[in-house]
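Positions 4 to 516 (my numbering) are the ones given, in order, by the sequence shown. Note sheet for the following structure.
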Amino acid sequence: MKSIPLILPLMALPLPFASHAAERESQTPNVIFIYADDIGYGDLSCNGAKTISTPHVEQLAAEGVRFTNAHSAAATSTPARYAMLTGEYAWRRQGTGIADGDAGMIIRPDRYTLADMFHEAGYTTGAIGKWHLGLGDKKGTQDWNGLISPNLSDIGFDYSYIMAATGDRVPCVFVENGRVANLDPDDPIYVSYQKNFPGEPTGKNNPELLTMLPSHGHNQSIVNGISRIGFMKGGKSALWKDDRIADELTAKAIDFIEQHKNEPFFLYFATQDAHVPRVPGPRFAGKSGMGPRGDVLLQFDWSVGEVMAALKRLGLDENTIVILSSDNGPVVDDGYRDQAVELLGNHKPGGPFRGGKYSLYEAGTRVPCILRWTGRVQPAVSDALVCQLDWMASLASLLGVSMPAGAAPDSENWLDAWLGKDRQGRSSLVEQNAQNNLSIITADWKYLEPGEGSPYNSNVGIETGNSPDPQLYDMRSDKGETKNVAAQYPAVVEELARKLAEIKDGRVGLPLE
Ligand code: NG6
Ligand code: CA
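Next up, the structure:
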């Protein structure tokens, strides 16, 4: 079972590789996703940020393909991750919106996932970091003091060490292979998204206990002086320390790489940076001059550097594909008074793009993206239209795995685009915002369908892209989506609206006339 899928790619390899001594290496490169949280296109110096320097990411970009038109499939975490791990647009499924920390597992065990695909190719698979796709069978029914089932081992991951949801949602603990890590059985943990546990303080009632005040929401249970979304009680020994999350997750990622250095592995390393609450470790606190948000960008860059150094140290540098990206665009004030707004200065987290996290405008899903495969992929900057949805079909093609019928229905094989050879990429891509309104982008145009919802999210200060009227932007001359030209080009509007309707219908892959 394990060796069969390897035959095809071996035949396709150029001779010097096929005859290489370390044979398994050329056939089955390790794959690491470094998947940031809420880091915008403009947050990294490789993409032109001047106010912040992220040298490790810059080096990765200099050694790989840096994409300027790469997208997550949605402008928030849960649907973006759902799409990336299943190869299906999240808007096709109910229940794929931003998940609570006690949500049931959204990707059900019978789904064929990206991790299953790697498994089939003979890889050991690991997920470390932010999860945010639910755990257990049904919402609110998890046994946080025992084995939570189903868990990531039921959808293809051999090892997992995860935060159930987000840094700002309870339970504030790591879950290792379905069990809360470091839990003292004499101090059980309880979680609720309905009501508080008697006698427990909350941010709302006890602001005097807080070290960082919320700006909106985030006023329920208090953990480490920070009030969160949801209620929890107990589990003291298992609680994470916010200023150590990056260190811990990075160490776990490196452990995983070390343990599996002699076999092909896939690691999904999903950092908590730069999601709220932003609590940089002491090495980074105050270092960016931009407050905690800038500091955790430096911390993210450090995590990247540590992973790359480990690969070099272990001799895996040339035989590992590293893909770096982010789950959605940036947000400055996402619910805590952490001075991100006050200290932003001239920094543009979304780079030249309009909107941000939650938005249908480009900054919502046009995210940083780099693919590095030393020796196999020439350094380049690519403007190809690519999406994280396609990692599944593209990597399946690289590894010679044929996925079962019906798996990854929206994932397209754009391997040549990912490897920097094809500079066009997709003919079109659907983007999704927090209100589940959709847009479609092509090489030339972007059409935002009319939809309900406020045009502006005043809590976070971001334009949502929602409008009762159709919007059309000319992406050749107006990447910043400044001028709605729908009225001037009715035929283009009609064509793109038809195309979007077809994709919604499930008739995917039809080329635009
Ligand atoms: C929002 C939270 C925000 C963040 C987001 C999810 C409030 C007021 N805001 O509901 O802070 O947690 O959900 O972010 O609660 S994501 O990157 O995981 O999608
Ligand atoms: Ca996110």
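Cβ coordinates follow ideal geometry from the N, Cα and C atoms, glycine included.
- Query: Mapping DSSP to helix, strand and coil, what is Leu-503?
  - Reply: DSSP places Leu-503 in helix when its eight states are reduced to three.
- Hey, out of Ile-101, Gly-464, Ala-489, Ile-232, whose CA is closest to Pro-471's CA? Ala-489
- Message: If I follow the unbroken beta strand (DSSP E) through Trp-448, where does it start and stop?
- Response: 448-451
- Query: From Asn-222 to Arg-231, what distance separates their C-alpha atoms?
  - Reply: 6 Å
- Task: Alpha carbon to alpha carbon, how far is Ser-329 from Ile-42? Give it in angstroms, no decimals.
- Result: The straight-line gap separating the alpha-carbon atoms of Ile-42 and Ser-329 is approximately 6 Å.
- For the stretch 198-245, list the beta strand (DSSP E) runs that are entirely contained and at least 3 residues long, ordered along the chain. 234-237
- Item | Assigned exposure category for Phe-269 - 16 Cβ within 10 Å defines buried | buried
- Quick check: the stretch 185-201 against the stretch 117-128, are there 3 or more CB pairs under 8 Å? no
- Task: In the DSSP assignment, find the alpha helix (DSSP H) that holds Tyr-1 and state where it starts and stops.
- Result: Lying outside 4 to 516, the shown extent of the chain, residue 1 is not represented and no answer is given.
- Express the C-alpha separation of Phe-36 and His-122 in angstroms, rounding to a whole number. 16 Å
- Task: Give a single yes or no on whether His-278 has its beta carbon closer than 7 Å to a heavy atom of ligand 2.
- Result: yes
- Residue range of the beta strand (DSSP E) that Phe-287 falls in? Where Phe-287 is concerned, there is no enclosing beta strand (DSSP E), given that its DSSP letter is neither H nor E.
- CA-to-CA distance, Ala-494 to Ile-131, given in whole angstroms: 47 Å
- Roughly how many whole angstroms lie between the Cα atoms of Leu-242 and Cys-390? 35 Å
- Item | Inter-residue spacing [alpha-carbon to alpha-carbon] between Ala-277 and Asp-171 | One C-alpha to the other measures close to 12 Å.
- Item | Closest residue to Asn-331 among Asn-440, Ala-77, Ser-56 (Cα-Cα distance) | The shortest Cα separation from Asn-331 among Asn-440, Ala-77, Ser-56 belongs to Ala-77.
- What is the rounded straight-line gap between the Cα of Gln-427 and the Cα of Pro-191? C-alpha separation (whole angstroms): 54 Å.
- Using 8 Å as the threshold, is the stretch 378-386 in touch with the stretch 455-466, meaning 3 or more CB pairs across them? no
- Do you know offhand how far Ile-55's Cα is from Asp-140's? Cα to Cα, the separation comes out at about 43 Å.
- Message: Just to confirm my understanding: we take Gly-304, look at its own chain, exclude 5 residues before and 5 after, and list those with CB closer than 6 Å. What are they?
- Response: A quick correction: the sequence has Asp, not Gly, at residue 304. Contacts found: Thr-57, His-59, Val-60.
- Task: Taking Leu-270 as part of the alpha helix (DSSP H), name the residues at either end of that continuous run.
- Result: Where Leu-270 is concerned, there is no enclosing alpha helix (DSSP H), although the beta strand (DSSP E) it sits in stretches over 268-273.
- Query: Would you report the Cα separation of Ala-312 and Glu-498, rounded to the nearest angstrom?
  - Reply: 49 Å
- Do Pro-1 and Pro-352 have their CB atoms nearer than 8 Å? Residue 1 lies beyond the stretch modelled for the chain, which goes from 4 to 516, so this question has no answer here.
- Neighbourhood of ligand 3 [Cβ distance below 5 Å to any heavy atom], ordered by chain position: In the structure on display, ligand 3 does not appear, and the ligands it does have are ligand 1 and ligand 2.
- Can you give, in chain order, each stretch of the alpha helix (DSSP H) that sits fully within the stretch 400-486 and has at least 4 residues? Within the stretch 400-486, the complete alpha helix (DSSP H) runs of at least 4 residues are 418-421.
- Gly-51 in three-state terms, based on DSSP: coil
- Evaluate Ser-75 with the Cβ neighbour count: other Cβ atoms within 10 Å of its Cβ, from every protein chain shown; 16 or more gives buried, anything less gives exposed. buried
- Query: Which residue's Cα is closest to the Cα of Pro-188: Val-344, Ile-443, Leu-150, Phe-160?
  - Reply: Leu-150
- Task: Would you decide whether Phe-70 is buried or exposed? Buried here means 16 or more other CB atoms lie within 10 Å of its CB.
- Result: buried
- Message: I need the straight-line Cα distance from Ile-324 to Leu-63, nearest angstrom please.
- Response: 11 Å
- Between Glu-28 and the rest of its own chain, which residues show a CB-CB distance below 6 Å, the 5 nearest in sequence each way excluded? Note that Glu-28 scores a pLDDT of 45, beneath 50, so its modelled location is shaky; the value from the coordinates is reported in the next line. Taking C-beta separations shorter than 6 Å and ignoring five residues to either side along the sequence, the partners of Glu-28 in its chain run Asn-322, following chain order.
- Task: Answer yes or no: the CB of Gly-45 versus the heavy atoms of ligand 1, is any distance below 7 Å?
- Result: no
- Query: Beta carbon of His-221: closer than 7 Å to some heavy atom of ligand 1?
  - Reply: yes
- Task: Following the continuous alpha helix (DSSP H) through Ile-260, name the residue where it begins and the one where it ends.
- Result: 248-262
- Check Phe-303 in the structure and name its three-state DSSP category. helix
- Query: Where does Leu-363 sit, in a helix, a strand or coil, going by DSSP?
  - Reply: coil
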